[in-house]
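Participant: Counting the sequence shown from 1 gives a position; the working numbering is that position plus 61.
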Amino acid sequence: MVIEWLQFEVVPTAKAIFIEKDDEIYTSFLKGYPGFLGKEIWVSPREETEVIVVIHWESKDAWMSVPEADLIVVEEQFSSAVGADNYRLVEVREYQVRKFRQV
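(1) Residue 68 CB to nearest chain B CB: under 8 Å?
(2) Please say whether residue 111 and residue 68 have beta carbons closer to each other than 8 Å?
(3) Could you check the C-alpha separation between residue 103 and residue 159 for me, to the nearest Å?
(4) Assess, as a yes-or-no matter, whether the region 92–108 is touched by the region 145–152 under the definition of 3 or more beta carbon pairs within less than 8 Å.
(5) Among residues of its own chain, excluding the 5 on either side of residue 120, which ones have a beta-carbon nearer than 7 Å to its beta-carbon?
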């Protein structure tokens, strides 16, 4: 399993709409791609502008198979819904899960 880790800076007054539209637009979009396993949004109680999006992929190949053109279209939809000035991507990281605990 591979983790796509995204750190965003979000205007505090736009945080609720950012989270709502992320689920409505991005999560719905990603569900259509093989290898997408799920997604979490982490909100820091200490950093009011920080939002972390954690996306679980079956493999890096699955993650990288999402067409760039499709990502551009969905980002335009998301930006229009949330407001381009209300957030910015700060950092992208990749992690590999070595042991995944099933509940």
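Note that beta-carbon positions come from the ideal geometry of N, C-alpha and C, so glycine has one too.
Facilitator: Short version:
(1) As a matter of chain content, chain B is missing from the structure shown, which is built from one protein chain.
(2) Sequence index remark: in the sequence shown, residue 68 carries index 7 (1-based). Sequence index remark: in the sequence shown, residue 111 carries index 50 (1-based). Going by C-beta atoms, residue 68 is nearer than 8 Å to residue 111.
(3) The residue you call residue 103 lines up with position 42 of the sequence shown. The residue you call residue 159 lines up with position 98 of the sequence shown. Using only the alpha carbons, I get a separation of about 21 Å.
(4) no
(5) Within the sequence shown, the letter at position 59 stands for residue 120. Cβ neighbours of residue 120 beyond the five flanking positions: 63 and 96.
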